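Asks:
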Amino acid sequence: MSDTTTPSEPPATPADGAAPLLRVRDLEKVFPIKKGLLRRTVAHVRAVDGVSFDIARGEVLGLVGESGSGKSTTGRLLLRLIEPTGGSIELEGKELRDLEGEELRAVRCDMQMVFQDPYSSLDPLAPVADIVGEPFQVHFNMPRKERDEKVVKLLEQVGLSAQHLRRFPAEFSGGQRQRIAVARALALEPKLIVADEPVSALDMSTQSQVVNLLSDLRERLGVALLFIAHDLSIVHHASDRIAVMYLGGIVEVGDADDVYSHPCHPYSEALISAAPVPDPVVERSRRRIVLEGDPPSPLDPPSGCRYHPRCAYAMDICSQVAPEPTPTLAGGEVACHLHTSGPALAGRPLAELSGVTTHEPG
Numbered sequence: 079m080s081d082t083t084t085p086s087e088p089p090a091t092p093a094d095g096a097a098p099l100l101r102v103r104d105l106e107k108v109f110p111i112k113k114g115l116l117r118r119t120v121a122h123v124r125a126v127d128g129v130s131f132d133i134a135r136g137e138v139l140g141l142v143g144e145s146g147s148g149k150s151t152t153g154r155l156l157l158r159l160i161e162p163t164g165g166s167i168e169l170e171g172k173e174l175r176d177l178e179g180e181e182l183r184a185v186r187c188d189m190q191m192v193f194q195d196p197y198s199s200l201d202p203l204a205p206v207a208d209i210v211g212e213p214f215q216v217h218f219n220m221p222r223k224e225r226d227e228k229v230v231k232l233l234e235q236v237g238l239s240a241q242h243l244r245r246f247p248a249e250f251s252g253g254q255r256q257r258i259a260v261a262r263a264l265a266l267e268p269k270l271i272v273a274d275e276p277v278s279a280l281d282m283s284t285q286s287q288v289v290n291l292l293s294d295l296r297e298r299l300g301v302a303l304l305f306i307a308h309d310l311s312i313v314h315h316a317s318d319r320i321a322v323m324y325l326g327g328i329v330e331v332g333d334a335d336d337v338y339s340h341p342c343h344p345y346s347e348a349l350i351s352a353a354p355v356p357d358p359v360v361e362r363s364r365r366r367i368v369l370e371g372d373p374p375s376p377l378d379p380p381s382g383c384r385y386h387p388r389c390a391y392a393m394d395i396c397s398q399v400a401p402e403p404t405p406t407l408a409g410g411e412v413a414c415h416l417h418t419s420g421p422a423l424a425g426r427p428l429a430e431l432s433g434v435t436t437h438e439p440g
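Following this note's numbering, the numbering of the sequence shown begins with 79 at its first residue and continues without gaps.
1. So within the segment 267-306, which uninterrupted beta strand (DSSP E) runs reach at least 3 residues, ignoring any that extend past its ends?
2. Tell me whether LEU105 counts as near the ligand HEM, meaning its Cβ is closer than 7 Å to at least one heavy atom of that ligand.
3. Where do the N-terminal and C-terminal ends of the beta strand (DSSP E) with ILE395 fall, by residue?
4. Would you decide whether ALA259 is buried or exposed? Buried here means 16 or more other CB atoms lie within 10 Å of its CB.
5. The beta strand (DSSP E) with VAL120 in it runs from where to where?
6. In terms of residues, what are the limits of the alpha helix (DSSP H) holding VAL185?
7. By Cβ distance, which residues of its chain are closer than 7 Å to GLY237, with the 5 residues on each side in sequence left out?
8. What is the residue span of the beta strand (DSSP E) that ASP336 lies within?
9. Using the Cβ count rule (16 or more neighbours within 10 Å means buried), how would you classify HIS122?
10. Evaluate the contact criterion for the segment 106-117 versus the segment 304-320: three or more CB pairs, one atom per stretch, below 8 Å.
11. In the DSSP assignment, what residue or residues form a beta bridge with PRO192?
12. Report the CB separation of LYS223 from PHE214 in whole angstroms; it is logged as a contact under 8 Å.
13. With a threshold of 6 Å on Cβ separation, who are the neighbours of ALA263 within its own chain once the five nearest residues in sequence on each side are excluded?
14. Looking only at its chain, what residues have a beta carbon closer than 7 Å to the beta carbon of ASP336, apart from the 5 residues adjacent to it on each side?
15. Going by alpha carbons, who is nearest to SER198 out of LYS231, PRO276, LEU174 and GLY211?
16. For a test of the three-state rule: what should DSSP assign to GLU173, helix, strand or coil?
17. Cα separation between ASP132 and ILE328?
18. Identify which residue in GLN235, ALA207 and GLN241 has its Cα closest to the Cα of ARG225.
19. Which value, in whole angstroms, describes the spacing of the CA atoms of PRO247 and VAL216?
20. How is ASP104 classed by DSSP in three states: helix, strand or coil?
21. Exposed or buried, what is LYS112 when buried is set at 16 or more other beta-carbons lying within 10 Å of its beta-carbon?
22. If you run the structure through DSSP and keep just helix, strand and coil, what is VAL260?
23. Please confirm if the segment 315-326 is in contact with the segment 139-151, defined as three or more CB-CB distances below 8 Å between the two stretches.
24. Under a Cβ-count criterion, where at least 16 other Cβ atoms within 10 Å of its own Cβ denotes burial, should PRO401 be classed as buried or exposed?
25. If I'm right that LEU232 touches GLY253 with Cβ under 8 Å, what's the distance once you round it to whole angstroms?
26. Can you look up GLU168 in the DSSP assignment and give me helix, strand or coil?
27. For the alpha helix (DSSP H) that ILE209 lies in, which residues bound it at each end?
28. Mapping the DSSP letters down to three states, classify ARG244 as helix, strand or coil.
29. Looking at ILE367 and ALA353, is the spacing between their C-beta atoms short of 8 Å?
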């Protein structure tokens with residue numbers, strides 16, 4: 079779950095106890111920093127550091143965090159668009175890191191991706207028929223007529239129609255382009271879709287349309303989703319469970335309603351506080367938590383808990399020892415010393431710390 083999670087201490091998993099569709103353990107990605115004419119390695123960036131989680135069949139797991147937290151890198155690692163440095167990725171019990179060539183190509187039919195920017199993820203010189211139909215051509219060398227028939231059905235699933243078949247991406251709005259990207263991802267009937275910030279480049283009204291589309295497709299087709307975003311309120315609306323990521327590691331995971339309404343980690347609490355509330359009366363009266371500054375550099379992460387320099391609840395132990403994952407009363411997990419030292423919340427929500435004096439992080 080975090081950089082301290084081990085295979086003997088698996089992260090919180092879906093409540094039904096069934097074998098997960100996707101099982102990720104101790105996933106790592108280290109990028110070397112090279113300088114000079116000889117391009118010598120002078121440092122390393124641990125972009126993903128010991129991440130573990132499960133996704134059940136038909137489940138939506140939201141992965142949320144600030145820019146630079148490693149969430150998009152995690153999504154790309156799952157599909158091996160970039161190669162992991164360490165850890166395990168299992169789809170239906172099959173270790174993906176062991177696959178090469180045709181075996182890897184075959185399993186990619188079961189895992190697809192929707193990228194963040196619909197303006198750059200679609201070929202501007204290709205019509206929709208070719209964009210959405212490309213998977214059929216690549217994997218099955220399907221004849222044009224049959225391919226177009228399947229593309230029309232896919233377009234109808236995402237709220238478009240046959241009249242869009244010969245149009246080019248420039249003729250569509252941002253929301254329509256993202257629908258085209260979703261149709262392309264659905265072409266091979268995948269079991270899992272990684273949606274990497276699929277709404278961040280869209281306006282608010284279009285965001286809700288795309289989120290609702292993904293939720294509807296999950297209900298109708300049973301496809302599982304890893305929904306990556308930086309806005310916890312959007313993730314809450316779209317997900318069954320939420321994993322909160324900070325500086326390469328997961329700090330809290332649990333049921334979406336529980337994490338959003340009763341966060342157990344100070345970083346989760348701060349992300350929720352940053353989301354505006356539509357009711358102006360509630361917005362004016364609620365407690366706001368302002369995260370000071372940017373996250374520390376992954377080139378030189380803080381000792382102990384990586385969040386402690388920005389945490390209003392930080393104790394001495396936080397700068398010395400990385401916290402172990404602790405079960406929450408709601409059935410999730412949290413990596414925070416508040417649950418084992420000091421107030422010893424033991425998995426209870428942070429709201430129970432109302433009488434605890436906090437300090438200014440710095």
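All C-beta atoms, glycine included, are put in the ideal place defined by N, C-alpha and C. As the structure is a computational prediction, the values presented were derived from the model and not from experiment.
Replies: Let's see:
1. Correct list: 270-274.
2. Questions concerning the ligand HEM fall outside what the structure shown contains, since it holds no ligand whatsoever.
3. By 1-based counting over the sequence shown, the position of residue 395 is 317. That residue, ILE395, is in no beta strand (DSSP E); it is neither H nor E in DSSP.
4. Locating residue 259 in the sequence shown gives position 181, counting from the first residue. When all chains shown are included, ALA259 counts as buried.
5. For the purposes of this step, residue 120 is taken as the residue at position 42 of the sequence shown. Here the beta strand (DSSP E) through VAL120 covers 118-133.
6. For the purposes of this step, residue 185 is identified with residue 107 of the sequence shown, where counting begins at 1. 179-185 is the extent of the alpha helix (DSSP H) around VAL185.
7. Position 159 of the sequence shown holds residue 237. The answer, listed in chain order, is ARG257 and LEU291.
8. Translated into positions along the sequence shown, residue 336 becomes position 258. Segment 334-339 is the alpha helix (DSSP H) holding ASP336; no beta strand (DSSP E) there.
9. For this step, residue 122 is matched to residue 44 along the sequence shown. Sixteen is the threshold: since fewer than 16 other Cβ atoms of the shown chains lie within 10 Å of the Cβ of HIS122, the residue is exposed.
10. No: the two stretches stay apart, fewer than three of their Cβ pairs being nearer than 8 Å.
11. Along the sequence shown, one-based indexing puts residue 192 at 114. It is worth fixing the name first, because residue 192 is Val in this sequence and not Pro. According to DSSP, VAL192 bridges with ALA273.
12. Residue numbering aside, residue 223 sits at position 145 when the sequence shown is read from its first letter. Residue numbering aside, residue 214 sits at position 136 when the sequence shown is read from its first letter. Incorrect: roughly 11 Å between the Cβ atoms, too far for contact.
13. Taking the first residue of the sequence shown as 1, we reach residue 263 at position 185. Contacts found: GLN190, VAL192 and ILE271.
14. The count along the sequence shown starts at 1 and reaches residue 336 at position 258. Answer for ASP336: ALA408 and GLY410, listed in chain order.
15. Stepping through the sequence shown from its first residue, residue 198 is reached at position 120. Selected option, being the one with the closest Cα: PRO276.
16. Taking the first residue of the sequence shown as position 1, residue 173 is located at position 95. Strand at GLU173.
17. Working through the sequence shown from its first residue, we reach residue 132 at position 54. Working through the sequence shown from its first residue, we reach residue 328 at position 250. Each residue's alpha carbon lies about 12 Å from the other.
18. Locating residue 225 in the sequence shown gives position 147, counting from the first residue. For ARG225, the nearest C-alpha among the options comes from ALA207.
19. Counting from one through the sequence shown, the residue named residue 247 turns up at place 169. Counting from one through the sequence shown, the residue named residue 216 turns up at place 138. The alpha-carbon atoms of PRO247 and VAL216 are separated by roughly 21 Å.
20. The residue given as residue 104 occupies position 26 in the sequence shown. ASP104 falls in the strand class under three-state DSSP.
21. What you label residue 112 is simply residue 34 of the sequence shown in a count that begins at 1. With fewer than 16 other beta carbons inside 10 angstroms of its own, LYS112 counts as exposed.
22. One-based indexing of the sequence shown puts residue 260 at position 182. VAL260 falls in the helix class under three-state DSSP.
23. A contact exists between the segment 315-326 and the segment 139-151.
24. On the sequence shown, position 323 is the one that residue 401 refers to. Burial call: buried.
25. Reading the sequence shown from its first residue, position 154 is the one you call residue 232. Reading the sequence shown from its first residue, position 175 is the one you call residue 253. Between LEU232 and GLY253 the beta-carbon gap is near 17 Å, outside 8 Å, which marks them as no contact.
26. Taking the sequence shown and counting its residues from 1, the one referred to as residue 168 is at position 90. Residue state, collapsed to three classes: strand.
27. To locate residue 209, count along the sequence shown from 1; it is residue 131. Its alpha helix (DSSP H) spans residues 206-218.
28. Translated into the one-based positions of the sequence shown, residue 244 becomes position 166. It is coil, neither helix nor strand.
29. As a working mapping, residue 353 is identified with position 275 in the sequence shown. As a working mapping, residue 367 is identified with position 289 in the sequence shown. Taking 8 Å as the Cβ cut-off, ALA353 and ILE367 do not qualify as a contacting pair.
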